[in-house]
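Enquirer: So that we are looking at the same thing, I have put the structure below in structure tokens.
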Amino acid sequence: MTSYMFRVWLLPHPPLEFEPDEEVWRDIEVDGSQTLNIFHEAMFEAFDRWEAHTYEFLTRDRDGISTRSYVHPQLYDGGLSWPPMDDDEIERFIEQAVPEDMSGEAKDRFRDLQSDPPSEGNAAETTIEEIDPEQLGSLTYVFDMGDSWEHYIELQETRSESLDGDPTVVDKQGTAPPQYPDLDE
1 MTSYMFRVWL LPHPPLEFEP DEEVWRDIEV DGSQTLNIFH EAMFEAFDRW
51 EAHTYEFLTR DRDGISTRSY VHPQLYDGGL SWPPMDDDEI ERFIEQAVPE
101 DMSGEAKDRF RDLQSDPPSE GNAAETTIEE IDPEQLGSLT YVFDMGDSWE
151 HYIELQETRS ESLDGDPTVV DKQGTAPPQY PDLDE
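Below is the structure:
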């Protein structure tokens with residue numbers, strides 16, 4: 001089995017008054033046989049969260065295009081990863097939000113994924129290895145669908161040996177904010 005080390009950045013969140021002076025990240029090593037749900041639990045602890053909430057992972061290709069959604073087991077219904085867009089909506093989105101230098105091939109892939117979205121995955125049943133981290137560009141992890149704490153995740157290292165036990169925080173920078181900032185006032 002293979003293990004993976006991911007860097008997980010907590011993104012600034014002005015509505016919750018989280019605008020740090022330095023990047024806040026955690027390097028987390030996880031075994032390829034462990035599920036996205038176990039990875040979620042490791043991030044939950046690594047960022048000092050205390051109240052459980054639903055979450056979602058979005059895989060992204062090397063062009064930053066969302067390729068599939070993996071959701072909290074309670075949200076999973078086997079539906080689509082996101083609502084399909086019609087051709088006009090897709091073209092308007094490309095015109096307004098997609099970088100001009102994105103290749104035509106990437107734009108076509110985006111069109112295909114938006115018009116015919118893949119089915120969502122269940123984070124409790126999907127292993128790290130199944131998402132093929134070495135082929136991904138990145139992941140987005142959104143914790144607490146109400147407050148929407150967003151995290152950007154990139155693979156840092158792949159190891160050919162298994163990780164015994166739970167995922168491990170191997171390095172970190174910055175202080176995680178309270179899960180609910182107004183509770184500390």
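Read in order, the letters of the sequence shown correspond to residues 1 to 185 in the UniProt record's numbering.
In this text, a Cβ means the ideal position worked out from N, Cα and C, and glycines have one as well.
Just confirm the distance between the C-beta atoms of Leu163 and Glu29, as a whole number of angstroms; I'd bet it's less than 8 Å.
Expert: Counting from one through the sequence shown, the residue named residue 163 turns up at place 163. Counting from one through the sequence shown, the residue named residue 29 turns up at place 29. Indeed they touch by this definition, with Cβ atoms about 6 Å apart.
Enquirer: Is any beta-carbon of chain D found at less than 8 Å from that of Pro178?
Expert: The chain labelled as chain D is not found in the depicted structure, where only one protein chain is given.
Enquirer: For Phe143, which option in Thr158, Ala106, Leu75 has the closest C-alpha, if you only look at C-alpha atoms?
Expert: Translated into positions along the sequence shown, residue 143 becomes position 143. Its Cα nearest to that of Phe143, the residue Leu75 stands out among Thr158, Ala106, Leu75.
Enquirer: When burial is assigned at 16 or more other CB atoms within 10 Å of the CB, is Gln173 buried or exposed?
Expert: Residue mapping note: residue 173 aligns to position 173 of the sequence shown, counting from 1. By the Cβ-count criterion, Gln173 is exposed, with fewer than 16 other Cβ atoms from all chains shown falling within 10 Å of its own Cβ.
Enquirer: On a CA-only basis, which of Arg26, Ile65, Leu10, Glu22 is nearest Val170? Give me that one, please.
Expert: Within the sequence shown, numbered from 1, the residue matching residue 170 stands at position 170. In terms of CA proximity to Val170, Arg26 leads the group Arg26, Ile65, Leu10, Glu22.
Enquirer: Given Asn37, which residues of its chain have a CB within under 6 Å of its CB, disregarding the five upstream and five downstream residues?
Expert: The residue you call residue 37 lines up with position 37 of the sequence shown. Same-chain partners within the cutoff: Ala123, Ala124.
Enquirer: Where are the beta strand (DSSP E) runs, 3 residues long or more, that stay fully inside the UniProt domain "Plasmid pRiA4b Orf3-like" (21 to 178), in chain order?
Expert: Those beta strand (DSSP E) runs which fall completely within the UniProt domain "Plasmid pRiA4b Orf3-like" (21 to 178) and span 3+ residues are 24 to 31, 55 to 60, 66 to 71, 138 to 143, 149 to 159, 168 to 173.
Enquirer: Quick one, which of Arg68, Gly104, Trp50 has its alpha-carbon nearest Asp116's?
Expert: On the sequence shown, position 116 is the one that residue 116 refers to. The shortest C-alpha separation from Asp116 is found at Arg68.
Enquirer: Note down, in chain order, each residue of its chain lying with its Cβ closer than 6 Å to the Cβ of Pro99, except the 5 sequence neighbours on either side.
Expert: Within the sequence shown, numbered from 1, the residue matching residue 99 stands at position 99. If we look at Pro99 and ignore the five residues flanking it on each side, it has no Cβ neighbours.
Enquirer: Beta-carbon within less than 8 Å of Leu80's beta-carbon, same chain only, minus the 5 sequence neighbours each way: which residues are those?
Expert: Start at 1 with the first residue of the sequence shown, and residue 80 comes out as number 80. Answer for Leu80: Pro117, Pro118, Ser119, Glu120, listed in chain order.
Enquirer: In this structure, does DSSP put Leu10 in helix, strand or coil?
Expert: Along the sequence shown, one-based indexing puts residue 10 at 10. It is a strand residue.
Enquirer: Would you kindly work out how many angstroms separate the C-alpha atoms of Pro167 and His151, rounded to a whole number?
Expert: The residue labelled residue 167 in the question sits at position 167 within the sequence shown. The residue labelled residue 151 in the question sits at position 151 within the sequence shown. Going from the Cα of Pro167 to the Cα of His151 covers about 17 Å.
Enquirer: Could you check the C-alpha separation between Thr126 and Met102 for me, to the nearest Å?
Expert: Here residue 126 is taken as the residue at index 126 of the sequence shown, counted from 1. Here residue 102 is taken as the residue at index 102 of the sequence shown, counted from 1. Rounded to the nearest angstrom, the two C-alpha atoms are 30 Å apart.
Enquirer: Does the Cβ of Glu56 have 16 or more other Cβ atoms within 10 Å, making it buried, or fewer, making it exposed?
Expert: As a first step, residue 56 is located in the sequence shown; it is residue number 56 there, counting from the start. It is buried - the Cβ of Glu56 has at least 16 other Cβ atoms within 10 Å.
Enquirer: Does the beta-carbon distance from Val24 to Ala176 come in below 8 Å?
Expert: Counted from its first residue, the sequence shown places residue 24 at position 24. Counted from its first residue, the sequence shown places residue 176 at position 176. The answer is yes: Cβ separation under 8 Å.
Enquirer: Given this structure, state the Cα-to-Cα distance separating Trp50 from Pro178, to the nearest angstrom.
Expert: Counting from 1 along the sequence shown, the entry for residue 50 is found at position 50. Counting from 1 along the sequence shown, the entry for residue 178 is found at position 178. For Trp50 and Pro178, the distance between alpha carbons rounds to 9 Å.
Enquirer: In this structure, how does DSSP classify Met1 when only helix, strand and coil are distinguished?
Expert: Here residue 1 refers to the residue found at position 1 when the sequence shown is read from its first residue. Correct three-state label for Met1: coil.
Enquirer: Measure the alpha-carbon distance for Thr35 versus Glu105 and round it to whole angstroms.
Expert: Your numbering for residue 35 matches position 35 in the sequence shown. Your numbering for residue 105 matches position 105 in the sequence shown. If you take the alpha carbons of Thr35 and Glu105, they lie about 31 Å apart.
Enquirer: Just checking my contact of Thr140 with Arg60 at CB under 8 Å: how many whole Å lie between their CB atoms?
Expert: Here residue 140 refers to the residue found at position 140 when the sequence shown is read from its first residue. Here residue 60 refers to the residue found at position 60 when the sequence shown is read from its first residue. 7 Å between Cβ atoms; contact.
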